[in-house]
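Student: Residue numbers (the working numbering): 304 to 776.
Got a structure here, written out as structure tokens. Questions coming.
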């Protein structure tokens with residue numbers, strides 16, 4: 304595999320590299336790697352094939368953006384992004400005997416194909432990455448190949464491959480979420496970021512978001528799942544209806560409710576009903592309507608929050624999904640105040656939401672959520688004010704004045720410390736602290752010596768200091 308990646312990325316000049324790529328394509332190297340991602344193959348072979356395909360996708364895309372004089376498209380990337388290749392990969396994953404290893408490795412390849420932004424330094428997909436990024440368009444053939452198989456991913460979330468119970472720090476988990484379902488939720492989040500209308504309609508028809516919310520509240524300690532559900536909701540709230548394409552033939556752009564204490568079990572699958580097609584010129588986003596009306600997002604947030612408050616009032620532990628639930632609630636409030644879906648969300652909250660639930664939501668936003676956000680806000684600068692000392696102000700400073708701009712402070716139950724990177728001043732009300740002071744100044748790297756120590760009124764060693772330096776204690 305390493306030799307293959309070297310042939311793809313390190314051959315020069317460009318014309319020779321293109322000949323190598325054409326030769327590999329004629330040898331059907333991509334199709335042969337896809338065939339290895341199959342339940343009949345051992346786990347190591349599937350994992351190696353999946354990782355190699357992911358590396359080929361990233362390397363080929365990087366090469367296409369860096370090399371401006373490429374005479375023709377990369378044949379390996381073209382083969383990987385073809386609808387035929389995607390369909391074959393999905394067939395290996397879901398047709399016949401299903402295994403978690405095959406589903407996970409196949410989904411990793413699909414997620415790499417759906418990447419539209421990668422950090423130029425780390426090479427990782429990250430919705431919140433700042434700085435230099437490379438942008439890619441999602442090929443329409445990828446979406447065409449995935450769309451008919453959305454029902455298989457929905458069934459995967461409902462009935463994953465069987466896994467034995469596992470022992471966790473919170474007890475025995477009889478039905479673990481599993482890596483297969485986690486990867487399924489990652490794929491749904493990535494597809495929602497493309498904002499493709501036909502895929503959105505199919506997800507609404509299947510009720511996949513409703514199922515993801517069921518899992519969100521059932522597995523209250525799986526933060527990996529919570530993050531994917533949050534990303535899915537953020538994608539739905541951030542895209543306007545006008546951003547959607549009439550079909551998956553256009554590139555997309557990308558970039559974590561039950562009442563009471565019991566967690567809801569996912570509902571048994573029912574025959575999906577065909578969604579009503581929006582009329583021409585409609586200004587509503589079908590996924591936003593589905594999220595608030597069919598999935599009852601607002602009601603679920605309120606019920607889950609009240610259930611958690613009840614558990615904590617009885618001495619129980621705060622649920623592990625409350626942090627992500629806070630972020631989801633903040634996303635709803637933020638997009639209700641501004642954003643592409645502001646009018647639609649606001650109309651639902653103020654008009655469609657039942658009156659009693661609307662009152663609960665308004666009270667929750669104004670009081671509970673506001674207080675939670677206040678507690679979660681971290682002060683980057685300490686508000687503790689250090690008071691200047693009037694003691695020894697007649698002693699000449701042993702340090703340049705500009706060092707006072709680099710002060711550091713340290714607090715201890717018995718000692719107070721203040722100074723610059725070149726000096727540390729230590730005080731204590733305990734007479735026995737003098738040896739500690741001297742040892743501190745003798746510590747290697749402080750650049751100080753005993754000659755810089757003075758004497759206080761009690762005869763104990765005392766550090767000379769800049770009068771401009773404040774001290775605490």
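Ideal Cβ placement from N, Cα and C applies to all residues, glycine included.
Just checking my contact of residue 412 with residue 483 at CB under 8 Å: how many whole Å lie between their CB atoms?
Tutor: The residue labelled residue 412 in the question sits at position 109 within the chain shown. The residue labelled residue 483 in the question sits at position 180 within the chain shown. That belief does not hold up - the Cβ atoms of residue 412 and residue 483 are roughly 14 Å apart, past 8 Å.
Student: Between which two residues does the alpha helix (DSSP H) carrying residue 631 extend?
Tutor: To locate residue 631, count along the chain shown from 1; it is residue 328. Run containing residue 631: 625-640, per the alpha helix (DSSP H) assignment.
Student: Can at least three beta-carbon pairs, one atom from the region 626-642 and one from the region 527-534, be found at a separation below 8 Å?
Tutor: Output reads yes: the region 527-534 touches the region 626-642.
Student: With DSSP as the reference, identify every bridge partner of residue 470, one or two as the case may be.
Tutor: Mapped onto the chain shown, residue 470 falls at position 167. Per DSSP, 475.
Student: Given a cut-off of 8 Å, decide if residue 403 and residue 481 are closer than it, judged by their beta-carbon atoms.
Tutor: Residue mapping note: residue 481 aligns to position 178 of the chain shown, counting from 1. Residue mapping note: residue 403 aligns to position 100 of the chain shown, counting from 1. Against a cut-off of 8 Å, the Cβ pair of residue 403 and residue 481 comes out as a contact.
Student: Mark residue 399 as exposed unless 16 or more other C-beta atoms lie within 10 angstroms of its C-beta, in which case mark it buried.
Tutor: Position 96 of the chain shown, counted from the first residue, corresponds to residue 399. The residue is exposed, with fewer than 16 neighbouring Cβ atoms inside 10 Å.
Student: Would you call the CB atoms of residue 457 and residue 514 closer than 8 Å?
Tutor: The count along the chain shown starts at 1 and reaches residue 457 at position 154. The count along the chain shown starts at 1 and reaches residue 514 at position 211. Yes, the Cβ-Cβ distance between residue 457 and residue 514 is below 8 Å.
Student: What does the alpha-carbon distance come out to for the pair residue 780 and residue 462?
Tutor: An answer regarding residue 780 cannot be provided, because it is not within the stretch 304 to 776 covered by the chain.
Student: With residue 597 as the anchor, note down where its alpha helix (DSSP H) starts and where it stops.
Tutor: In the chain shown, counting from the first residue as 1, residue 597 sits at position 294. Counting along the chain, residue 597 falls outside any alpha helix (DSSP H), and DSSP gives it neither H nor E.
Student: Identify which residue in 391, 621 and 443 has its Cα closest to the Cα of residue 499.
Tutor: By one-based count along the chain shown, residue 499 stands at place 196. Per the Cα distances, 443.
Student: Closest to residue 333 by C-alpha separation, out of 469, 641, 311 and 520, would be which residue?
Tutor: For this step, residue 333 is matched to residue 30 along the chain shown. Comparing Cα positions, the closest option is 311.
Student: Express the C-alpha separation of residue 446 and residue 378 in angstroms, rounding to a whole number.
Tutor: Within the chain shown, numbered from 1, the residue matching residue 378 stands at position 75. Within the chain shown, numbered from 1, the residue matching residue 446 stands at position 143. Each residue's alpha carbon lies about 19 Å from the other.
Student: For residue 644, collect the residues of the same chain with a Cβ closer than 7 Å to its Cβ; drop the 5 residues on either side in sequence, then sort them by chain order.
Tutor: Taking the chain shown and counting its residues from 1, the one referred to as residue 644 is at position 341. Only 540, 543, 588, 591 and 638 meet the Cβ criterion.
Student: Is residue 623 near residue 524, with beta carbons less than 8 Å apart?
Tutor: Residue numbering aside, residue 623 sits at position 320 when the chain shown is read from its first letter. Residue numbering aside, residue 524 sits at position 221 when the chain shown is read from its first letter. Yes, the pair counts as a contact, with Cβ atoms nearer than the cut-off.
Student: On the criterion of 16 or more Cβ atoms from any shown chain inside 10 Å, does residue 612 qualify as buried, or is it exposed?
Tutor: As a first step, residue 612 is located in the chain shown; it is residue number 309 there, counting from the start. So residue 612 counts as exposed.
Student: Within this structure, are the beta carbons of residue 487 and residue 410 separated by less than 8 Å?
Tutor: Within the chain shown, numbered from 1, the residue matching residue 487 stands at position 184. Within the chain shown, numbered from 1, the residue matching residue 410 stands at position 107. Yes. Within cutoff.
Student: To the nearest angstrom, how far is the alpha carbon of residue 369 from that of residue 656?
Tutor: Residue numbering aside, residue 369 sits at position 66 when the chain shown is read from its first letter. Residue numbering aside, residue 656 sits at position 353 when the chain shown is read from its first letter. Computed Cα separation, rounded: 51 Å.
Student: Could you say which of 633, 397 and 405 lies nearest to residue 354 if we only look at CA atoms?
Tutor: The count along the chain shown starts at 1 and reaches residue 354 at position 51. Among 633, 397 and 405, the Cα nearest to that of residue 354 is on 405.
Student: Between residue 279 and residue 495, which are expected to be in contact by the criterion C-beta below 8 Å, what is the C-beta distance as a whole number of angstroms?
Tutor: Nothing can be reported for residue 279, as the shown portion of the chain is limited to 304 through 776.
Student: By Cβ distance below 7 Å, which residues in the same chain neighbour residue 452 in space, the five residues on each side in sequence not counted?
Tutor: Counting from 1 along the chain shown, the entry for residue 452 is found at position 149. Hits under 7 Å: 393 and 397.
Student: Please identify the residue among 642, 467 and 632 whose C-alpha is closest to the C-alpha of residue 669.
Tutor: Counted from its first residue, the chain shown places residue 669 at position 366. Nearest C-alpha to residue 669: 632.
Student: Please state whether DSSP places residue 344 in a helix, a strand or coil.
Tutor: Start at 1 with the first residue of the chain shown, and residue 344 comes out as number 41. Coil.
Student: Report yes if the C-beta distance between residue 468 and residue 476 is below 8 Å; otherwise report no.
Tutor: Taking the first residue of the chain shown as position 1, residue 468 is located at position 165. Taking the first residue of the chain shown as position 1, residue 476 is located at position 173. Yes.
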